[in-house]
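Undergrad: Take a look at the following structure, please.
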Amino acid sequence: MPRLIRLLISLLILGFIAERFGAGVLEQLQQVDGRWLVAGLLITVAQVLLSAWRWRFTAAQLAVPLRPGVAVREYYLATLVNQILPGGVVGDAQRAWRHSHNTPRRGPAFQAVVIERFSGQLAMVALALVVWGYWRPGGALALPDAWFTGAVALMGAIGAAFAALALITGWRPHWLIDWWQALRCALLAPRVLPIQLIASILVAASYIGVYATCVLSLAPESSPATWLPLIPLVLFAMLIPASIAGWGLREGAAAVLWPLAGLPAAEGVSAAVLYGALSLVASTPGLIAVMRH
């Protein structure tokens with residue numbers, strides 16, 4: 001999707017939300033408790049350190065060296081770029097490109113970044129699906145069984161068709177085999193997969209924790225048990241590559257989900273705005289990498 005269209009999508013959704021909930025959001029933001037936001041910033045530090053470790057671990061499985069300090073610095077830079085450019089993957093692409101220039105084998109350097117990101121996205125999607133499957137505020141989010149079964153069957157049929165095509169025609173592109181081998185070594189190997197899953201779930205939990213501090217900073221009247229299950233669903237909406245750093249999609253998802261739980265939409269939108277602002281501030285250490293080059 002062109003960057004201009006992503007920018008327009010973010011602006012259009014934010015404009016609609018500002019027109020609909022602007023007054024309530026401003027009122028909510030005036031009573032923010034900054035102590036919770038400081039706690040959120042501290043969580044982002046642990047988040048980046050753990051993510052950088054996951055990147056190093058993934059690269060090590062592909063025999064690609066990556067020093068701890070370099071991993072942390074480059075991860076901060078990638079986060080900063082993802083915050084300011086449309087798509088949310090430009091920073092990771094440049095992280096892979098920069099790393100590949102310091103290694104004798106460029107292909108595995110790119111594979112390490114893609115697999116590391118895939119591991120993290122997989123954990124976030126899994127958490128969102130668990131919430132989708134078990135959180136039932138009056139059945140508002142319950143998918144019809146037939147629809148869900150049909151979607152799973154369709155995905156299975158597509159996968160089976162590709163597998164059958166590969167077996168019958170012998171279609172095995174060299175690049176596909178290379179990536180499959182990398183995926184097996186760096187993610188699916190029996191000794192690697194548990195470590196990847198644990199690291200990625202912890203990283204996903206840190207994103208949820210940061211968002212929770214944004215909600216808590218608004219001093220909500222409801223208990224965390226009411227709004228905490230909504231957070232993975234809002235974060236899941238940010239994975240859609242149709243905005244700038246999730247702006248617009250995140251606020252729109254919050255505006256829809258909070259009322260489903262009987263909560264004010266303005267509270268959900270306010271927390272989403274705080275999360276976006278906090279994420280941008282948390283990425284500013286990436287400027288150190290910019291100044292060093």
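Oh and the sequence shown: position 190 is 190 in the UniProt record's numbering, straight run, nothing missing.
Positions of the beta carbon are idealized from the N, C-alpha and C atoms, including for glycine.
1. Tell me whether P144 sits in a helix, a strand or coil according to DSSP, three-state version.
2. Which residues in the same chain as V203 place their Cβ atom closer than 8 Å to its Cβ, once the five residues preceding and following it in sequence are excluded?
3. Distance check for Y275 and residue 300, CA to CA, integer angstroms please.
4. Give the straight-line distance between the Cα atoms of L26 and V273, rounded to the nearest whole angstrom.
5. May I have the straight-line CA-CA distance separating S270 from L230, to the nearest angstrom?
6. Who are the near neighbours of R98 in its chain, counting only those whose CB is closer than 7 Å to its CB and skipping five residues on each side?
7. Specify the secondary structure class of V81 as computed by DSSP and reduced to three states.
8. For the alpha helix (DSSP H) containing T284, name the first residue and the last one.
9. Say whether the stretch 248-256 touches the stretch 215-228, bearing in mind that this needs 3 or more beta-carbon pairs closer than 8 Å, one atom from each stretch.
10. Nearest by alpha-carbon distance to V192: which of L280, L14, I9 and L62 is it?
11. Which residue comes first and which comes last in the alpha helix (DSSP H) that contains L193?
12. With DSSP run on the structure shown, which of helix, strand or coil describes T103?
13. Checking contacts by CB at 8 Å: is Y75 closer than that to chain C?
14. Would M238 and L249 be called neighbours here (beta carbons separated by less than 8 Å)?
15. Below 8 Å between beta carbons: does that hold for I9 and S279?
16. Using the Cα positions of H174 and I115, report the straight-line distance between them to the nearest angstrom.
17. Let me make sure I understand the geometry here. Which of F236, L80 and T284 has the alpha-carbon closest to that of V131?
18. Alpha carbons only, please: which of I198, R105 and S200 is nearest the one belonging to A182?
19. If you drop the 5 nearest sequence neighbours on each side, which residues of the same chain put their C-beta closer than 7 Å to that of E267?
20. Got a sec? Which residues, its chain only, sit under 6 Å from A289 by beta carbon, not counting five neighbours each side?
21. Taking the alpha carbon of T284 as the point to measure from, which residue in V32, L12 and I84 has its own alpha carbon closest?
22. If I follow the unbroken alpha helix (DSSP H) through E251, where does it start and stop?
23. Is it buried or exposed for R56, if we count other Cβ within 10 angstroms and need 16 for buried?
24. Quick check on I240: does DSSP put it in helix, strand or coil?
25. Between C185 and the rest of its own chain, which residues show a CB-CB distance below 8 Å, the 5 nearest in sequence each way excluded?
26. Under a three-way DSSP split, which group does R184 fall into?
27. Quick one: what's got a C-beta closer than 8 Å to Q31's C-beta in the same chain, skipping five residues either side?
28. Between which two residues does the alpha helix (DSSP H) holding Q31 run?
29. Give me the residue from R67, P232, P241 and E19 with the minimum Cα distance to L127.
30. Taking DSSP as the reference, what is the three-state secondary structure of S119?
TA: According to the data block:
1. For this step, residue 144 is matched to residue 144 along the sequence shown. Interpretation of P144 is limited by its pLDDT of 43, a score under 50 that renders its predicted location unreliable; no figure is taken from the coordinates.
2. Here the question's residue 203 lines up with position 203 in the sequence shown. Cβ neighbours of V203 beyond the five flanking positions: Q47, L50, S51, R54, G120 and A123.
3. Since the first residue of the chain shown is 1 and the last is 293, residue 300 is not available in this structure.
4. As a working note, residue 26 is residue 26 in the sequence shown. As a working note, residue 273 is residue 273 in the sequence shown. Distance between the alpha carbons of L26 and V273: 11 Å.
5. Residue numbering aside, residue 270 sits at position 270 when the sequence shown is read from its first letter. Residue numbering aside, residue 230 sits at position 230 when the sequence shown is read from its first letter. Whole-angstrom Cα-Cα distance: 14 Å.
6. As a first step, residue 98 must be located in the sequence shown, where it is residue number 98. Setting aside the 5 residues that flank it on each side, R98 is surrounded in the same chain by E74, each with a C-beta closer than 7 Å to its C-beta; the list follows chain order.
7. Mapped onto the sequence shown, residue 81 falls at position 81. In the structure shown, V81 adopts helical secondary structure according to DSSP, grouped into three states.
8. In the sequence shown, the residue the question calls residue 284 occupies position 284. No alpha helix (DSSP H) contains T284, which DSSP labels as neither H nor E.
9. Judged by Cβ distances under 8 Å, the stretch 248-256 makes no contact with the stretch 215-228, as fewer than three pairs qualify.
10. Residue numbering aside, residue 192 sits at position 192 when the sequence shown is read from its first letter. The option with the nearest alpha carbon to V192 is L62.
11. Working through the sequence shown from its first residue, we reach residue 193 at position 193. Segment L193 to L216, the alpha helix (DSSP H) holding L193.
12. Numbered from its first residue, the sequence shown carries residue 103 at position 103. Coil, per DSSP.
13. The question asks about chain C, but that chain is absent: this structure has only one protein chain.
14. Start at 1 with the first residue of the sequence shown, and residue 238 comes out as number 238. Start at 1 with the first residue of the sequence shown, and residue 249 comes out as number 249. Yes, the Cβ-Cβ distance between M238 and L249 is below 8 Å.
15. Position 9 of the sequence shown, counted from the start, is the residue given in the question as residue 9. Position 279 of the sequence shown, counted from the start, is the residue given in the question as residue 279. Going by C-beta atoms, I9 is not nearer than 8 Å to S279.
16. Counting from 1 along the sequence shown, the entry for residue 174 is found at position 174. Counting from 1 along the sequence shown, the entry for residue 115 is found at position 115. Between H174 and I115, the C-alpha separation is close to 18 Å.
17. Residue numbering aside, residue 131 sits at position 131 when the sequence shown is read from its first letter. It is F236.
18. Within the sequence shown, the letter at position 182 stands for residue 182. Of the candidates I198, R105 and S200, the one whose C-alpha sits nearest the C-alpha of A182 is R105.
19. Start at 1 with the first residue of the sequence shown, and residue 267 comes out as number 267. If we look at E267 and ignore the five residues flanking it on each side, its Cβ neighbours are Q28, L218, P220 and W258.
20. Translated into the one-based positions of the sequence shown, residue 289 becomes position 289. If we look at A289 and ignore the five residues flanking it on each side, its Cβ neighbours are R73 and L77.
21. As a first step, residue 284 must be located in the sequence shown, where it is residue number 284. Comparing Cα positions, the closest option is I84.
22. Counting from one through the sequence shown, the residue named residue 251 turns up at place 251. Run containing E251: L249 to L260, per the alpha helix (DSSP H) assignment.
23. Translated into the one-based positions of the sequence shown, residue 56 becomes position 56. R56 should be labelled buried.
24. Along the sequence shown, one-based indexing puts residue 240 at 240. Three-state DSSP puts I240 in coil, outside helix and strand.
25. As a first step, residue 185 must be located in the sequence shown, where it is residue number 185. Cβ neighbours of C185 beyond the five flanking positions: Q61, L62 and V192.
26. For this step, residue 184 is matched to residue 184 along the sequence shown. Annotated three-state conformation of R184 is helix, per DSSP.
27. As a position in the sequence shown, residue 31 is number 31, starting the count at 1. Result list for Q31: L218 and A219, in chain order.
28. Within the sequence shown, the letter at position 31 stands for residue 31. Following the DSSP letters along the chain, one finds Q31 in no alpha helix (DSSP H), marked with neither H nor E.
29. The sequence position of residue 127 within the sequence shown is 127, counting from 1. Relative to L127, the option among R67, P232, P241 and E19 whose CA is nearest is P232.
30. To locate residue 119, count along the sequence shown from 1; it is residue 119. S119 falls in the helix class under three-state DSSP.
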